[in-house]
Amino acid sequence: MNRLLATLVLAISLTAAAVAGAGVASAHATRLATDPVENTELTKAPEKVSAMFNEALQPSFAAMTVVGPDGNLWSTGEPQVDGAVISVGVRPLGPSGTYTVNYRVTSADGHVVSGSWSFKLTVPGTGTPGPSASATNPANDGIPVWPFFVVAGLIVAGGALWAVQRQK
Ligand SMILES: [Cu+2]
Numbered sequence: 044m045n046r047l048l049a050t051l052v053l054a055i056s057l058t059a060a061a062v063a064g065a066g067v068a069s070a071h072a073t074r075l076a077t078d079p080v081e082n083t084e085l086t087k088a089p090e091k092v093s094a095m096f097n098e099a100l101q102p103s104f105a106a107m108t109v110v111g112p113d114g115n116l117w118s119t120g121e122p123q124v125d126g127a128v129i130s131v132g133v134r135p136l137g138p139s140g141t142y143t144v145n146y147r148v149t150s151a152d153g154h155v156v157s158g159s160w161s162f163k164l165t166v167p168g169t170g171t172p173g174p175s176a177s178a179t180n181p182a183n184d185g186i187p188v189w190p191f192f193v194v195a196g197l198i199v200a201g202g203a204l205w206a207v208q209r210q211k
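Going by the working numbering, the first residue of the sequence shown is number 44, and it counts up by one from there.
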């Protein structure tokens with residue numbers, strides 16, 4: 044019975060390690076399309092911005108912001124993940140110029156992918172901005188991957204140790 048349990052623990056540990064390894068090997072989510080299209084010139088603010096990827100995204104840790112030419116946040120609310128699409132609401136825009144959409148999504152394989160694109164507002168709007176974006180760019184706070192490997196390694200070591208001790 045004890046040996047069976049030890050074997051089970053080892054099997055689970057190896058599976059965890061294999062999953063961690065598989066994440067490195069498989070491809071990240073790739074951005075296929077954006078709305079508005081990159082570098083589009085708009086005369087009116089979009090109600091929301093979105094990016095579509097080549098695979099379903101994990102809804103956890105998703106981030107998306109719109110930063111205006113004034114350095115302020117023009118996105119509003121929480122980003123929404125729907126299958127392969129992430130979107131966020133946009134306030135009525137303000138000054139004309141370049142608005143940059145920053146995003147961070149989690150691929151199906153667990154890897155975090157971040158990026159950005161821009162569009163241009165050619166006619167200034169009357170909207171009021173959110174807070175300054177300098178501290179809230181999602182591209183700046185990537186989630187480190189190494190704690191996952193440390194935990195996987197500890198599980199494998201623990202399982203092996205247990206298996207060895209049970210055989211004495
Ligand atoms: Cu990946």
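Built from N, CA and C at the ideal position, the CB exists for glycine as well.
Remember, predicted model here, so these are calculated numbers, not experimental data.
Alpha-carbon to alpha-carbon, residue j and residue i
{"i": "ALA206", "j": "THR108", "result": "49 Å"}
{"i": "ALA200", "j": "GLN101", "result": "29 Å"}
{"i": "ALA106", "j": "SER150", "result": "13 Å"}
{"i": "ALA94", "j": "ALA127", "result": "8 Å"}
{"i": "ALA195", "j": "VAL166", "result": "53 Å"}
{"i": "LEU204", "j": "LEU197", "result": "10 Å"}
{"i": "LEU75", "j": "PHE96", "result": "5 Å"}
{"i": "LEU48", "j": "GLN208", "result": "12 Å"}
{"i": "ASP184", "j": "ARG147", "result": "Note that ASP184 has pLDDT 47, beneath the 50 cutoff, so the model's placement of it is unreliable and the number below is only indicative. Straight-line Cα distance between these residues: approximately 9 Å."}
{"i": "ALA68", "j": "GLU98", "result": "Note that ALA68 scores a pLDDT of 46, beneath 50, so its modelled location is shaky; the value from the coordinates is reported in the next line. Straight-line Cα distance between these residues: approximately 16 Å."}
{"i": "ARG46", "j": "GLY202", "result": "11 Å"}
{"i": "GLY168", "j": "THR86", "result": "9 Å"}
{"i": "PRO174", "j": "GLU90", "result": "19 Å"}
{"i": "GLY66", "j": "GLN210", "result": "With a pLDDT of 46 at GLY66, under the threshold of 50, the modelled position of that residue is not reliable, and the figure given next carries that caveat. If you take the alpha carbons of GLY66 and GLN210, they lie about 33 Å apart."}
Nearest neighbour of residue i, chosen from the options [CA to CA]
{"i": "GLU84", "options": "TYR142, ALA76, SER93 and ALA70", "result": "TYR142"}
{"i": "TRP117", "options": "VAL92, GLY126 and VAL128", "result": "VAL92"}
{"i": "GLU81", "options": "ASN97, SER130, SER150 and LYS163", "result": "LYS163"}
{"i": "PHE192", "options": "GLY111, VAL144, GLN210 and HIS154", "result": "HIS154"}
{"i": "LEU140", "options": "ASP125, VAL110, ILE129 and ASP152", "result": "It should be noted that the sequence gives Gly, not Leu, for residue 140. When each option's Cα is compared against that of GLY140, the closest is VAL110."}
{"i": "ASN115", "options": "THR171, PHE104 and PRO167", "result": "THR171"}
{"i": "ASP78", "options": "ILE198, ASN145 and LEU197", "result": "ASN145"}
{"i": "SER3", "options": "THR169, GLN210 and ILE129", "result": "Residue numbering for the chain in the displayed model covers 44 to 211; residue 3 lies beyond these limits and cannot be assessed."}
Anticipated Cβ contact below 8 Å, residue i with residue j, distance rounded
{"i": "ALA88", "j": "PRO135", "result": "6 Å"}
{"i": "GLY137", "j": "ASP113", "result": "7 Å"}
{"i": "HIS71", "j": "ASP152", "result": "7 Å"}
Cutoff 8 Å: residue i Cβ touching any chain C Cβ
{"i": "GLN123", "result": "Looking at the structure shown, chain C is missing, and only one protein chain is on hand."}
Quick check on the DSSP output: what are the complete alpha helix (DSSP H) runs of length 4 or more inside the region 81 to 123, in order along the chain?
none
When you compare the region 120 to 133 with the region 155 to 165, are there three or more beta-carbon pairs, one atom per stretch, that lie closer than 8 Å?
no
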